[in-house]
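Chemist: Here the sequence shown stands for residues 1 to 229, where the numbers follow the UniProt record's numbering. Yeah, the Cβ is synthetic: ideal placement off N, Cα and C, and Gly gets one too. Treat the numbers as computed from the prediction; the structure is a model and nothing was measured.
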Amino acid sequence: MLDSARKVVHGFLNRPGIQQMRELDQNFYVVLTIQSFKRGLPLLPVRSANGEDVTRIDAGHSMGLTSWIRYDPAMLGSQSFYLSEYLTLFAESIGQSLKAYQTLDGQELLYFQCAVRYKDWSRVREHVRNAYLLQKTAYRRANGGAQAPGLVEATAPKFCQEDVLSALADRIRATEEAQRQQKIQVRNTFIEQSEDSGTDDEDDDQLARRNGCRHRTAMHLRMSRCVRA
């Protein structure tokens, strides 16, 4: 059973043509990654806004980007954060047109990544970067501290399905390791190796079930971020 599962995982992650497809896509698309927004979602510039939720920075005067508000996925009818949606709206907010995609190679990217056509990114890169530096300033002003989410060009895409399969591979390895461990029982003041094969089999099954439950929970948490509501 474990051997079959391992073959499925290995076969998918190394399926024929996948490396060539990704190398081809690298010539046409740029994968972007947003980092370190543990203190809240990134901000968006607004031309005019009032209220306690507006953050104002003097550094944005030259670009007309002095007022910022917290991005909310509901602005685009979503329930979760996806970088493609945020970046598309961010570009629009600074007067630029940019289409960002949440999929690449027919697979969905993890929520903190997105793909844009290389020619489109080359056209707006400097505009977006300059405005995003102001976003970081506003983010620090709004949250305090020195941390702010960065936006970088990623070296490799990270896909939802591959993330789930990697978790499955980890689960397989952990289960195999647990099954290889020798069962030791403590009886009175002596440490004895269990010789009861029936007890060993039962302990193996119980350990594998407990191990499987923990890993299934972790896999569920990973999958939940890869399924849109």
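What separation, rounded to the nearest whole angstrom, lies between the Cα atoms of F90 and S78?
Modeler: The sequence position of residue 90 within the sequence shown is 90, counting from 1. The sequence position of residue 78 within the sequence shown is 78, counting from 1. Those two C-alpha atoms are separated by around 16 Å.
Chemist: Whose C-alpha, out of S80, L134, Q147 and V30, is nearest the C-alpha of I69?
Modeler: Working through the sequence shown from its first residue, we reach residue 69 at position 69. Checking every option, the nearest Cα to that of I69 belongs to L134.
Chemist: Is the Cβ-Cβ distance between V54 and W121 less than 7 Å?
Modeler: For this step, residue 54 is matched to residue 54 along the sequence shown. For this step, residue 121 is matched to residue 121 along the sequence shown. Not a contact, by the Cβ cut-off of 7 Å.
Chemist: Could you have a look at D196 and say whether DSSP puts it in helix, strand or coil?
Modeler: Indexing the sequence shown from 1 puts residue 196 at position 196. With a pLDDT of only 49 at D196, under 50, the local geometry of the prediction cannot be trusted, and no value is derived from it.
Chemist: Buried or exposed: L2, going by 16 or more other Cβ atoms within 10 Å of its Cβ?
Modeler: As a first step, residue 2 must be located in the sequence shown, where it is residue number 2. Reliability of the predicted coordinates at L2 is poor, the pLDDT of 49 falling under 50, and no value is obtained from them.
Chemist: So what does R56 bridge to, in DSSP terms?
Modeler: For the purposes of this step, residue 56 is taken as residue 56 along the sequence shown, with counting starting at 1. In the DSSP output, where bridge partners are listed per residue, R56 has S67.
Chemist: Answer yes if the segment 148-163 comes into contact with the segment 102-113, meaning at least three C-beta pairs across the two stretches below 8 Å, and no otherwise.
Modeler: yes
Chemist: Over the uninterrupted beta strand (DSSP E) stretch that includes T155, give me the two end residues.
Modeler: In the sequence shown, counting from the first residue as 1, residue 155 sits at position 155. From DSSP, T155 is part of no beta strand (DSSP E); its letter is neither H nor E.
Chemist: May I have the straight-line CA-CA distance separating R123 from A74, to the nearest angstrom?
Modeler: Walking along the sequence shown from the start, residue 123 turns up at place 123. Walking along the sequence shown from the start, residue 74 turns up at place 74. If I take the Cα positions, the gap works out to 28 Å.
Chemist: Does the distance from the CB of Y82 to the CB of Q96 come in under 7 Å?
Modeler: One-based indexing of the sequence shown puts residue 82 at position 82. One-based indexing of the sequence shown puts residue 96 at position 96. Not closer than 7 Å, so no.
Chemist: Between A49 and T137, is the Cβ-Cβ spacing less than 7 Å?
Modeler: Along the sequence shown, one-based indexing puts residue 49 at 49. Along the sequence shown, one-based indexing puts residue 137 at 137. No, they are not a contact pair.
Chemist: Got a sec, what are the start and stop residues for the alpha helix (DSSP H) N115 sits in?
Modeler: Translated into the one-based positions of the sequence shown, residue 115 becomes position 115. The sequence given here places Ala at residue 115; Asn does not occur at that position. Segment Q113 to R117 is the beta strand (DSSP E) holding A115; no alpha helix (DSSP H) there.
Chemist: Measure the CB-CB distance between Q147 and S67 and report whether it falls below 7 Å.
Modeler: The residue given as residue 147 occupies position 147 in the sequence shown. The residue given as residue 67 occupies position 67 in the sequence shown. Going by C-beta atoms, Q147 is not nearer than 7 Å to S67.
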